[in-house]
Amino acid sequence: QWYQRRVQSSGINAEYGESEKEGEDEEDLFDAETEDDTEEDTVSRLSLPALPNFFAGHRFFIHSDSFEQFDAIKQLSRHMTAYGGKVFDYMCKDVRFIVTQCRSWQADFSTALTVNPEVRFLKSDWIDVCCKRGETVDKSSFYLLQ
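Quick note on our numbering: the sequence shown kicks off at 3 and runs consecutively.
Dropping the structure here:
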């Protein structure tokens with residue numbers, strides 16, 4: 003039968019996947035050189051075009067309480083970072099925009115203003131629109147006002 007025949011040229015028993023060569027050290031199989039390419043060759047073939055950095059200079063904090071699913075927060079963070087923005091894990095004076103899914107002012111937003119009175123509250127829809135268009139769009143209709 004075809005699945006029981008032996009592969010003579012390689013010394014491999016195709017049925018059992020075993021080597022028939024006597025004295026063959028198993029470690030030698032793992033140490034064998036298998037590729038001729040250098041690491042540089044591999045990297046150059048895998049290079050992807052650079053992403054645009056339209057969020058460069060933007061410093062964000064994600065108001066996680068406004069999101070129902072953690073995956074949405076991760077996705078948002080990935081987009082902001084991939085396109086050149088910086089996402090902070092905590093609210094600090096360096097944060098310029100708090101990204102939220104809230105549609106109205108929340109009590110804890112006032113607390114954030116004590117840390118940084120200049121911070122602006124931005125609806126997460128703005129991030130989505132920018133990513134779809136591949137550029138920043140006017141923020142004015144995406145601000146959440148007190």
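All C-beta atoms, glycine included, are put in the ideal place defined by N, C-alpha and C.
Source: prediction; values computed, not measured.
Host beta strand (DSSP E) of residue i (start-end)
{"i": "Thr116", "result": "First-last for Thr116: 109-117, but that is the alpha helix (DSSP H), not the beta strand (DSSP E)."}
{"i": "Phe72", "result": "Phe72 -> not in any beta strand (DSSP E); alpha helix (DSSP H) instead, spanning 72-84."}
8 Å Cβ cutoff met for residue i and residue j
{"i": "Val101", "j": "Phe90", "result": "no"}
{"i": "Phe57", "j": "Tyr92", "result": "no"}
{"i": "Leu78", "j": "Ile64", "result": "yes"}
{"i": "Lys88", "j": "Arg61", "result": "yes"}
Where the alpha helix (DSSP H) through residue i begins and ends
{"i": "Arg105", "result": "Run containing Arg105: none; DSSP gives neither H nor E here."}
{"i": "Lys88", "result": "First-last for Lys88: 88-90, but that is the beta strand (DSSP E), not the alpha helix (DSSP H)."}
{"i": "Lys134", "result": "127-135"}
Cut-off 8 Å between Cβ atoms - residues of its own chain near residue i, not counting five sequence neighbours on either side
{"i": "Leu115", "result": "Val121"}
{"i": "Arg105", "result": "Lys125, Leu146"}
Selected residue, minimal CA-CA separation from residue i, among the options
{"i": "Phe144", "options": "Lys134, Asp130, Arg135, Arg80", "result": "Asp130"}
{"i": "Gln148", "options": "Gln71, Lys134, Cys132, Phe111", "result": "Phe111"}
Residues of its chain near residue i, where Cβ-Cβ distance is below 6 Å and the 5 sequence neighbours each way are ignored
{"i": "Glu137", "result": "Phe56"}
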